[in-house]
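Step one of this worksheet: look at the structure below.
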Amino acid sequence: AGKASTGKGSVLLESSVATEFLSVLASSFSSENVQKGKSLLVGRMGEQVVSEKINIVDNGLLRGGTGSRPFDAEGTPSMEKKLIREGRLAGYLYSLYTAAKDGTTSTSNAVRHGIHGTPVVGISNLYLESVSDEFICSLDALVTQIERGLLVTEAMGVHTANPITGEFSIGVTGLWIERGRIVRPVKEAVLSGNILGFFGNVAAVSDDLRFYGKIGAPDILIEDTDISG
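Dropping the structure here:
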């Protein structure tokens with residue numbers, strides 16, 4: 053296996069890897085974290101925070117979803133809510149307790165760890181989707197759009213990303229792409245940047261939304277990323 057070329061390039065995240073990056077961002081939607089100042093999204097309501105080509109949704113009513121349920125841990129009926137609408141921050145996740153603090157209503161996101169635990173804020177089924185069909189195509193078609201870049205099949209230590217500053221530097225393996233063709237495997241490369249900037253550069257997604265536990269994503273094409281070999 054060869055190395056990645058160092059510099060700016062496109063990154064195509066397989067859905068399993070995309071969900072790992074999405075999980076870093078997910079903690080910032082928690083009103084608990086927002087109220088404690090431990091979120092990237094403090095004070096950003098209504099602002100453009102990621103690419104206008106994507107929505108991020110939390111849906112407790114998703115058919116067959118791991119996190120689907122009729123009610124949350126406080127008995128609030130489950131619902132679907134857009135947290136990101138066309139790249140703009142549209143909402144946080146609330147329990148009754150955190151909603152009362154902000155003078156708003158629960159989004160049915162109270163979860164209990166164990167029967168006697170105090171409810172905390174957590175996701176139901178959280179996923180990323182394209183805002184329209186024009187940014188959706190097959191994985192193969194996404195590869196052909198890449199002039200130079202990396203198809204990432206595995207990432208090591210995504211959990212080391214800082215959820216409060218959004219900074220990350222993560223080791224990845226995958227396949228190097230030049231002029232729309234896969235040319236060689238890449239054993240060790242490093243992606244670095246900021247998680248909001250990263251999701252801010254989403255150019256397109258695949259037509260294959262997959263869930264890994266409670267978090268779902270398609271394959272995602274991200275442009276203008278720092279890659280080092």
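Under my numbering, the residues of the sequence shown are numbered 53 to 281, in order. Glycine included, C-beta positions come from ideal geometry on N, C-alpha and C.
CA-to-CA distance, residue j to residue i, given in whole angstroms
{"i": "L114", "j": "N177", "result": "7 Å"}
{"i": "T277", "j": "A255", "result": "12 Å"}
{"i": "S280", "j": "V242", "result": "5 Å"}
{"i": "T159", "j": "E219", "result": "28 Å"}
{"i": "E230", "j": "V204", "result": "14 Å"}
{"i": "G119", "j": "F251", "result": "24 Å"}
{"i": "E66", "j": "G226", "result": "10 Å"}
{"i": "G112", "j": "G245", "result": "31 Å"}
{"i": "F81", "j": "L93", "result": "7 Å"}
{"i": "G127", "j": "G169", "result": "15 Å"}
{"i": "K105", "j": "S147", "result": "29 Å"}
{"i": "G166", "j": "S182", "result": "35 Å"}
Own chain partners of residue i with C-beta closer than 6 Å, once the 5 adjacent residues on each side are dropped
{"i": "L191", "result": "S258, D271"}
{"i": "K90", "result": "I216"}
{"i": "K134", "result": "N107, V109, A142"}
{"i": "R200", "result": "G61, E230"}
Three-state secondary structure assigned by DSSP to residue i
{"i": "T159", "result": "coil"}
{"i": "S75", "result": "helix"}
{"i": "Y144", "result": "coil"}
{"i": "K105", "result": "coil"}
{"i": "S120", "result": "coil"}
{"i": "V242", "result": "strand"}
{"i": "T128", "result": "coil"}
{"i": "A56", "result": "coil"}
{"i": "T170", "result": "coil"}
Close Cβ partners of residue i (< 7 Å) along its chain, the five nearest in sequence each way excluded
{"i": "S75", "result": "I267"}
{"i": "G265", "result": "T118"}
{"i": "E72", "result": "A207, V210"}
{"i": "M97", "result": "L141"}
{"i": "N85", "result": "S79, S91"}
Run of the beta strand (DSSP E) containing residue i, from where it starts to where it stops
{"i": "D260", "result": "Taken as a continuous stretch (DSSP letters only), D260 belongs to no beta strand (DSSP E), as it is neither H nor E."}
{"i": "F220", "result": "219-230"}
{"i": "G249", "result": "Where G249 is concerned, there is no enclosing beta strand (DSSP E), although the alpha helix (DSSP H) it sits in stretches over 247-252."}
{"i": "S182", "result": "178-182"}
{"i": "E275", "result": "272-280"}
Cβ neighbours of residue i in the same chain (closer than 8 Å, five flanking residues each side left out)
{"i": "I234", "result": "V195, L203, L227, W228"}
{"i": "A151", "result": "S83, T157, S158, T159"}
{"i": "P237", "result": "A53, G54, T225, G226, L227, W228"}
{"i": "R164", "result": "A125, T170, P171, V172"}
{"i": "A78", "result": "I175, L178, I267"}
Span of the alpha helix (DSSP H) around residue i
{"i": "D192", "result": "191-196"}
{"i": "L93", "result": "Run containing L93: none; DSSP gives neither H nor E here."}
{"i": "V210", "result": "That residue, V210, is in no alpha helix (DSSP H); it is neither H nor E in DSSP."}
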